[in-house]
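Encoded as structure tokens, the structure appears first; notes follow it.
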Amino acid sequence: MTSFDLNSAYPLSEHDLATLHRRLTQEAADNDLLDVAYRTVDSPIGTLLIAATPRGLVRLAFATEGTDRVLQDLADRISPRVLAAPKRLDEAAQQLEDYFAGRRQHFDLPLDWQLSAGFRRIVLNDLATDIDYGHTATYRELATLAGSPNAVRAVGTACATNPIPVVVPCHRVVRSDGTIGGYRGGPDAKVALLALERAA
Amino acid sequence: MEPKEPFDRVVTQHGPTVLRVARAVVGASDADDVWSETFIAALRAYPDLPADANIEAWLVTIAHRKALDSIRSGRRRAIPLGELPETAGANPAEDHDLDLTAAVRALPDRQRHAVAYHYLAGLPYAEIAALLGSSEAAARRAAADGIRTLRRRYPDSPHDGPTTPAPVTTRSRT
């Protein structure tokens, strides 16, 4: 059968498709169908992906985690209704920009804790409120703070699986021997964040 | 549960095809509305879609229903549908294909749908038949008749011929 290439009779511009995508995102939000909105933010520690549900910021991911993998994980664990939607995340992006510029020490954003449960969530809540900007605490101190002084390893796991790093400052948790310990965004990112907060 | 990909990827992967289909079926001026209504309806139903579903066929099915709605309301507004002058000219890049898109718009409904769903979306005739409520043979015939008309009206089409397969030929064509 001979083919008849009709596709080229309908050339599409990136502009047309981008406009339609924006319109879709807006209509999705208006119809309560935007379960997970995401965008990226440039930062000194690489491009960050941030995602929010209608309840609040639910995820911050480092470039090393891989956009596709992070979005798939959000689709699996929250909802497959995931759309790039910069607008819902304007405020979070602005606060992150201010933080990296040294102009902001506290994040004032609604957070959705649904990707963190149980003891891990208690630990992350504590560290979000009790370790101030520019300060550090050890994993053991944080375990004590959470009411389980022996749960040092569990605290380490809580930090390693923190779904909203930077905003929930697990980079401020270090090891008792003075070394910095692990970090979801890699040790370099942790060093950079601690240096940023010391300098400000 | 089978993993279902983020809807954003569905839009990126299939948005262009759905827009071409919409432009072919309802014309450029109503295509954006049909596209938007299709993807909002798809987004609403997406969590319940079986993970192994053929996403593009599913989207074309929704687009077909939205296009019928659009054509019906267009007829109520008494805008002549068969007129050749086309709004695609709003984009200068499309001017060279104005005649071909106009010729597609001038096809009888059934032929236009069959041509768009097979030659733009790569849908097999069995699925087109289900959409149009006809037999597979009738769907195949409608597409063949449509293409024959297009070739006649647009004989010098640079896109015409066996050497330029459409980019959607990965799907098996029955």
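If you're matching them up, the sequences are chains A and B in order. 85 is the number that my numbering gives to position 83 of the first sequence; each next residue is one higher, with no gaps. 198 is the number that my numbering gives to position 65 of the second sequence; each next residue is one higher, with no gaps. Quick reminder that beta carbons are idealized off the backbone N, C-alpha and C, glycines included.
Quiz item: Does the region 144–162 of chain B come close enough to the region 8–17 of chain A to have 3 or more Cβ pairs within less than 8 Å?
Solution: Of all C-beta pairs linking the region 144–162 of chain B to the region 8–17 of chain A, three or more are shorter than 8 Å, placing the two stretches in contact.
Exercise. Report the partner residues of I52 of chain A according to the DSSP bridge assignment.
Key: As a working mapping, residue 52 of chain A is identified with position 50 in the first sequence. Answer is A:R41 and A:L62.
Quiz item: Which of the three DSSP states, helix, strand or coil, is assigned to A139 of chain A?
Solution: Position 137 of the first sequence, counting from 1, holds the residue named residue 139 of chain A. Strand, per DSSP.
Quiz item: How about A77 of chain A: is its C-beta nearer than 7 Å to some C-beta of chain B?
Solution: Counted from its first residue, the first sequence places residue 77 of chain A at position 75. A77 of chain A counts as touching chain B.
Self-check item: Cross-strand partners of A86 of chain A (DSSP beta bridge)
Solution: On the first sequence, residue 86 of chain A is found 84 positions in, with the first residue counted as 1. Note: A86 of chain A sits in a beta bridge opposite A:Y40.
Exercise. Give a yes or no on contact between the region 154–162 of chain B and the region 80–87 of chain A, applying the rule of three or more CB pairs nearer than 8 Å.
Key: no
Practice problem: Taking the CB atoms as reference points, tell me whether A190 of chain B and E260 of chain B lie closer together than 7 Å. | Solution: Position 57 of the second sequence holds residue 190 of chain B. Position 127 of the second sequence holds residue 260 of chain B. Cβ distance < 7 Å, so A190 of chain B and E260 of chain B count as in contact.
Quiz item: Under 7 Å between C-beta atoms, does A31 of chain A make it to chain B?
Solution: In the first sequence, counting from the first residue as 1, residue 31 of chain A sits at position 29. A31 of chain A does not count as touching chain B.
Quiz prompt | Cα-Cα separation, L50 of chain A to R284 of chain B | solution = Numbered from 1 along the first sequence, position 48 holds the residue referred to as residue 50 of chain A. Numbered from 1 along the second sequence, position 151 holds the residue referred to as residue 284 of chain B. Spanning the two alpha carbons is a distance of roughly 51 Å.
Quiz item: Between S118 of chain A and V170 of chain A, what straight-line distance do the alpha-carbon atoms span, to the nearest angstrom?
Solution: Here the question's residue 118 of chain A lines up with position 116 in the first sequence. Here the question's residue 170 of chain A lines up with position 168 in the first sequence. Distance between the alpha carbons of S118 of chain A and V170 of chain A: 12 Å.
Quiz item: With contact counted as at least three CB pairs below 8 Å, one residue from each stretch, are the region 153–168 of chain A and the region 177–194 of chain A in contact?
Solution: At 8 Å Cβ cutoff, the stretches touch.
Quiz item: Got a sec, what are the start and stop residues for the alpha helix (DSSP H) S162 of chain B sits in?
Solution: Along the second sequence, read from residue 1 onward, the residue named residue 162 of chain B stands at position 29. A161 to A178 is the extent of the alpha helix (DSSP H) around S162 of chain B.
Exercise. Note down, in chain order, each residue of its chain lying with its Cβ closer than 7 Å to the Cβ of D232 of chain B, except the 5 sequence neighbours on either side.
Key: Along the second sequence, read from residue 1 onward, the residue named residue 232 of chain B stands at position 99. Taken in chain order, the residues that qualify are Y287.
Quiz item: Any idea which residues DSSP pairs V176 of chain A with across the strands?
Solution: As a first step, residue 176 of chain A is located in the first sequence; it is residue number 174 there, counting from the start. For V176 of chain A, which the question treats as bridged, DSSP gives the partners A:T140.
Quiz prompt | Inter-residue Cα distance where the pair is R24 of chain A and L85 of chain A | solution = The residue given as residue 24 of chain A occupies position 22 in the first sequence. The residue given as residue 85 of chain A occupies position 83 in the first sequence. Spanning the two alpha carbons is a distance of roughly 10 Å.
Self-check item: Residue-level contact to chain A via CB, S169 of chain B, 7 Å cutoff
Solution: Here the question's residue 169 of chain B lines up with position 36 in the second sequence. Output row for S169 of chain B: interface = yes.
Quiz item: D141 of chain B: buried (16+ other C-beta within 10 angstroms of its C-beta) or exposed?
Solution: Locating residue 141 of chain B in the second sequence gives position 8, where the first residue counts as 1. Buried, by the Cβ-count rule.
Practice problem: Would you be able to state if there are at least three C-beta pairs under 8 Å between the region 104–111 of chain A and the region 34–45 of chain A? | Solution: no
Practice problem: Taking A86 of chain A as the query, report the chain B residues whose CB atoms sit under 7 Å from its CB, ordered along the chain. | Solution: Along the first sequence, read from residue 1 onward, the residue named residue 86 of chain A stands at position 84. Going along chain B in sequence order, the residues near A86 of chain A (Cβ under 7 Å) are D141.
Quiz item: Taking 7 Å as the CB-CB limit, is R71 of chain A close to chain B?
Solution: In the first sequence, counting from the first residue as 1, residue 71 of chain A sits at position 69. Closer than 7 Å: no.
Practice problem: Just the C-alpha distance for D7 of chain A and D92 of chain A, rounded to the nearest angstrom, thanks. | Solution: Taking the first sequence and counting its residues from 1, one reaches residue 7 of chain A at position 5. Taking the first sequence and counting its residues from 1, one reaches residue 92 of chain A at position 90. Between the alpha carbons of D7 of chain A and D92 of chain A lies a distance of about 42 Å.
Self-check item: D165 of chain B: contacting residues in chain A (beta-carbon distance under 9 Å)
Solution: Along the second sequence, one-based indexing puts residue 165 of chain B at 32. Neighbours of D165 of chain B on chain A, chain order: D18, T21, L22 and R25.
Quiz item: For chain A, is any of its Cβ atoms less than 7 Å away from the one on A256 of chain B?
Solution: Your numbering for residue 256 of chain B matches position 123 in the second sequence. Inspection of the sequence shows that residue 256 of chain B is occupied by Leu rather than by Ala. Chain A contact via Cβ: absent.
Quiz item: Hey, does E216 of chain B have any beta-carbon neighbour from chain A nearer than 7 Å?
Solution: Start at 1 with the first residue of the second sequence, and residue 216 of chain B comes out as number 83. Residue confidence for E216 of chain B is low, a pLDDT of 48 falling below 50, so the modelled location carries little weight; the figure read from the coordinates is stated next. Put simply, the CB of E216 of chain B is far from chain A, with every gap to its CB atoms at 7 Å or more.
Quiz item: Under a three-way DSSP split, which group does E227 of chain B fall into?
Solution: For the purposes of this step, residue 227 of chain B is identified with residue 94 of the second sequence, where counting begins at 1. A caution first: E227 of chain B carries a pLDDT of 44, below 50, which makes its placement in the model unreliable, though a value can still be read off. Three-state DSSP puts E227 of chain B in a helix.
Quiz item: When DSSP builds the beta bridges, which residues end up paired with L113 of chain A?
Solution: As a first step, residue 113 of chain A is located in the first sequence; it is residue number 111 there, counting from the start. A:L59, per the DSSP bridge assignment.
Quiz item: Taking Cβ to Cβ, would you say P165 of chain A is nearer than 7 Å to R61 of chain A?
Solution: Residue 165 of chain A sits at position 163 when you count from the first residue of the first sequence. Residue 61 of chain A sits at position 59 when you count from the first residue of the first sequence. Yes. Within cutoff.
Exercise. Kindly indicate the opening and closing residues of the alpha helix (DSSP H) around Q244 of chain B.
Key: In the second sequence, the residue the question calls residue 244 of chain B occupies position 111. That run of the alpha helix (DSSP H) goes D242 to V248.
Practice problem: Would you mind stating whether A145 of chain A and V154 of chain A have Cβ atoms separated by less than 7 Å? | Solution: Residue 145 of chain A sits at position 143 when you count from the first residue of the first sequence. Residue 154 of chain A sits at position 152 when you count from the first residue of the first sequence. Yes; because the gap between Cβ atoms is below 7 Å, this pair is in contact.
Quiz item: Looking at T138 of chain A and the ligand FAD, is the gap between the Cβ and the nearest heavy atom below 6 Å?
Solution: The ligand content of the structure shown is nil, which means the ligand FAD is not present either.
Practice problem: Identify whether E216 of chain B lies in helix, strand or coil by the three-state DSSP scheme. | Solution: Position 83 of the second sequence, counted from the first residue, corresponds to residue 216 of chain B. Low confidence applies to E216 of chain B: its pLDDT is 48, below 50, so where it sits in the model is not reliable, and the reading given next is rough at best. Note: E216 of chain B maps to coil in three-state DSSP.
Quiz item: Along chain A, which residues have their Cβ under 8 Å away from the Cβ of E189 of chain B?
Solution: The residue labelled residue 189 of chain B in the question sits at position 56 within the second sequence. Correct list: empty, because the minimum Cβ distance to chain A is about 14 Å.
Exercise. Can you give me the start and stop residues for the alpha helix (DSSP H) that L26 of chain A sits inside?
Key: On the first sequence, position 24 is the one that residue 26 of chain A refers to. Counting along the chain, the alpha helix (DSSP H) containing L26 of chain A begins and ends at E16 to D32.
Exercise. Identify the continuous alpha helix (DSSP H) that holds R200 of chain A and give its terminal residues.
Key: As a position in the first sequence, residue 200 of chain A is number 198, starting the count at 1. That run of the alpha helix (DSSP H) goes P189 to A201.
Quiz item: Would you call the CB atoms of R57 of chain A and D110 of chain A closer than 7 Å?
Solution: As a first step, residue 57 of chain A is located in the first sequence; it is residue number 55 there, counting from the start. As a first step, residue 110 of chain A is located in the first sequence; it is residue number 108 there, counting from the start. Taking 7 Å as the cut-off, the Cβ atoms of R57 of chain A and D110 of chain A do not count as close.
Quiz item: S10 of chain A: which of B:A277, B:L240, B:Y252 and B:L192 sits nearest, CA to CA?
Solution: Walking along the first sequence from the start, residue 10 of chain A turns up at place 8. Out of B:A277, B:L240, B:Y252 and B:L192, B:Y252 has the C-alpha closest to the C-alpha of S10 of chain A.
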